[in-house]
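Numbering (our numbering), first residue to last: 15 to 984.
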């Protein structure tokens, strides 16, 4: 059946009841939008969201929902691909507050955790507490944002499930709340009250335990015959655990129930020994079927992991992040990653050699190699872990969707299943991008459905039915770890008998007598074509300043702006707290609305729900969601789906503030290059005023924080003197040095250093110091002015030569490289873009071309500017320093927190400093006083000064300046 979304007037009783109970509840527009989606094809708006802090909060919410007959949905990281984490009621998000690791017991080999604990946190803390002896095994690709509660809900597995199985294999006890308010503990032998003094819970535990025993007795044959047939049979409920021979293991029977039976609040999880030595072996094949044919041979070597990807994912990674984002792959079009481990590194390496030799003898292996290098291993695993996002909009074009992304068969049947599955795709005119857990027979296949049209949705529905029938013919399961949710629950009768479907329904009702938990999943399911997120979006033309890949939008049948903001598919990498730079604001607040995903969802609801385009552009929900976006551009590199929130923010603000009074900081900082033309003439006076008590008054009037020391303004003469030798080259220059407004206005000495470095490479230097890239207007959404300034800059730089344009300020380099073509859409902008180099990128090219740089210090700490990281490559600074011979690079991998105007604005200062604590502050704390700190970005240099006023940071040009003698350590 279809479960209707409650209308606004029906919301009042539950909201009033929750407010009366004292539990904070958020029903704001941006909050509802962000929680209407997970990582599936579906959208179901909730009434409100609650972030419980204690079990008592959960009980209050349960009681309120029961009394008002309001649906209740549990949610962890929100990365469900089957629609299990969305629903029409109250959403309980455990990830924000109920995230404590209560104890780690090395002797017992267990961890006691709350439901919101993130998997990678538990793994890290376990290894730390046990000296690397023990670890937590389940490691899905979303492990750095997925939670224990969510993993219990879906029975998540992960890359090493060949060795360690599913989450259900690691559960010892689960504490739950039932919809009648009982607090129960499910164990491997039954049920008990969590608190033995709680009479209601004691009675409920006994009653429910007896009912579960009877359910198993009533269906002994069906449970034994239909359930537990293959390693990854996750579809339906795991009721075989209730059988007498399995000891009434209620804990395991609750795993995989997708929040439909009880609410998980706490769990005792089993830990496993960690192998002292491991080695990745990467294998290349002609296609995925050939790779699958070798699985049984590989399993004979007792691998810890056997993962697979096809070339479409690899190609997309390289297009998005550069050729060096994937290192160490052998030749082939489909690839297997095999993790071998053991007690001795030499023995593991020898086993790897035997494996490759054996596979070569099988005759299907194209190429294979062990990957001992840690950097190569990291890039390879990153490709696999980002598979869902990378395959959503592959480099080859088009879009792919989940829905049939989790089927599983016995490994011995995998090759035959994939061969038949490809024929089925061909029959429906679809393409499938394949990756997944080959060693466990579980395939994640994203398919090129057209969910925007009636015809495409019909194909989706018919194909899903046929795919279900196919996997069942091969003895498999509709789901292998993601659960059934809204994507597959309606197909369960294809896999199970009427008796089993009825038993599932009875089981659910025994637990949830109020019938309020996660409606629409597993039993009494919604049709799979209901509540599709891409259905029902008005066909309108949203005029934009940026060229947002109009060809791709048209191919998808969507307006370019709509298509752009729909790039986010919900995988949630922006919610991770380590690795990469994205998303600094989420890492500072821990709030979904401040994540790239949260902002994307609000934008997606804007294009769906606004009555008019003008109303959409004036959305307060979008403005609030974008408020803490630093426009660092990190998501454009780190997000596997390619979301570019900095561009979306700039575009939105350009429309939102049309006809409205802008914040004062948009004038004081957004117009900074204009003010600098004046300040360079009267810099002594300006500096005197800013250093006086009057300076704080001026700052406050301009919307700036008074807690941050203002930079000193430079004089025009200082810049003129610095560049005098290079102002009028007699011949066409070999390199053009673009001197940006920040360098001119605040640190002209860097311009002189940069010119001398270029000259020292044997190149003639031409300087362009009269043009502005328009960056400050872009970041504040003043795009009409930005385009005028950028157009003038492009006209000056497009001089008919191919000479590289070396830009001193990384953010200005990024603006000319990426924003200019997208804003101007001209061939001239494209020509200039191809010539742009960041200073670090140019240095690497010069060294590679034979330039011998001066002696460098042994140790350097570097803060890479976010715009340089995203536009020129995540490793651009590290590569340059390695080429220069710097042995030890301490890189602050993260946003500095200033991010142009953001950190100078009064209302953003506190968040700016919290962001600095993520990477820059720790890096500085580890840096000795005599070790150079590089901060090519002016914003980054200002944050270094704010954190450590006595420390002077350098631009890379200053470190290389031939006029300066640097001490070389070592």
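Ideal Cβ positions, reconstructed from N, Cα and C, are used throughout, including at glycine.
Counted within 10 angstroms of its Cβ, other Cβ atoms place residue i as buried (16 or more) or exposed
i: residue 913; result: buried
i: residue 238; result: exposed
i: residue 184; result: buried
i: residue 974; result: buried
i: residue 982; result: Confidence is the limiting factor: at residue 982 the pLDDT is only 41, short of 50, which leaves the residue's position unreliable and the question unanswerable from this model.
i: residue 21; result: Because residue 21 sits at a pLDDT of 47, beneath the cut-off of 50, its placement in the model cannot be relied upon, and the following sentence gives the value as read from the coordinates. Looking at its Cβ environment, which holds fewer than 16 other Cβ atoms inside 10 Å, residue 21 is exposed.
i: residue 31; result: buried
i: residue 253; result: buried
i: residue 330; result: buried
i: residue 963; result: exposed
i: residue 243; result: exposed
i: residue 970; result: buried
i: residue 848; result: exposed
i: residue 228; result: exposed
i: residue 711; result: exposed
i: residue 802; result: exposed
i: residue 529; result: exposed
i: residue 944; result: exposed
i: residue 674; result: exposed
i: residue 831; result: buried
C-beta atoms of residue i and residue j nearer than 8 Å
i: residue 66; j: residue 112; result: yes
i: residue 466; j: residue 562; result: no
i: residue 772; j: residue 749; result: yes
i: residue 900; j: residue 822; result: no
i: residue 788; j: residue 829; result: yes
i: residue 598; j: residue 929; result: yes
i: residue 91; j: residue 45; result: no
i: residue 727; j: residue 753; result: no
i: residue 321; j: residue 351; result: yes
i: residue 907; j: residue 595; result: yes
i: residue 153; j: residue 93; result: no
i: residue 681; j: residue 952; result: no
i: residue 897; j: residue 861; result: yes
i: residue 169; j: residue 281; result: no
i: residue 324; j: residue 449; result: yes
Endpoints, the beta strand (DSSP E) within which residue i is located
i: residue 752; result: 749-752
i: residue 449; result: 446-451
i: residue 205; result: 204-207
i: residue 299; result: 291-299
Start-to-end residues for the alpha helix (DSSP H) that takes in residue i
i: residue 329; result: 325-335
i: residue 667; result: 659-670
i: residue 168; result: 162-168
i: residue 382; result: Note, residue 382: premise wrong, no alpha helix (DSSP H); beta strand (DSSP E) at 381-385.
i: residue 881; result: 880-886
i: residue 348; result: Here residue 348 belongs to no alpha helix (DSSP H); instead the beta strand (DSSP E) covers 348-356.
i: residue 465; result: Looking at the DSSP string, residue 465 is not in any alpha helix (DSSP H), and its letter there is neither H nor E.
i: residue 766; result: 762-774
i: residue 280; result: Run containing residue 280: none in the alpha helix (DSSP H); it sits in the beta strand (DSSP E), 277-284.
i: residue 857; result: 853-862
Cutoff 7 Å; reference residue i; Cβ partners in own chain excluding five residues on either side
i: residue 684; result: 790, 791, 794, 796, 915
i: residue 378; result: 299, 304, 307, 308
i: residue 373; result: 297, 308, 311, 379, 382
i: residue 333; result: 409
Whole-number beta carbon distance between residue j and residue i, since they are thought to touch under 8 Å
i: residue 124; j: residue 285; result: 6 Å
i: residue 585; j: residue 453; result: In fact, because the Cβ distance is near 22 Å, the residues do not count as touching under 8 Å.
i: residue 198; j: residue 230; result: That belief does not hold up - the Cβ atoms of residue 198 and residue 230 are roughly 18 Å apart, past 8 Å.
i: residue 10; j: residue 812; result: Given a span of 15 to 984 for the chain in the structure shown, any question on residue 10 remains unanswerable.
i: residue 155; j: residue 399; result: 4 Å
i: residue 97; j: residue 501; result: 6 Å
Beta-carbon contacts of residue i that lie in its chain and below 8 Å, excluding the five residues immediately before and after
i: residue 211; result: none
i: residue 18; result: Low confidence applies to residue 18: its pLDDT is 47, below 50, so where it sits in the model is not reliable enough to give any reading.
i: residue 33; result: 39
i: residue 881; result: 646, 647, 824, 825, 827, 828, 829, 951
Any non-hydrogen atom of the ligand ATP closer than 7 Å to residue i Cβ
i: residue 687; result: For the structure depicted, the ligand ATP is absent and the ligand set is empty, with no information on it obtainable.
Any chain B beta carbon closer than 8 Å to residue i
i: residue 799; result: Checking the listed chains, one finds no chain B in this structure; it contains a single protein chain.
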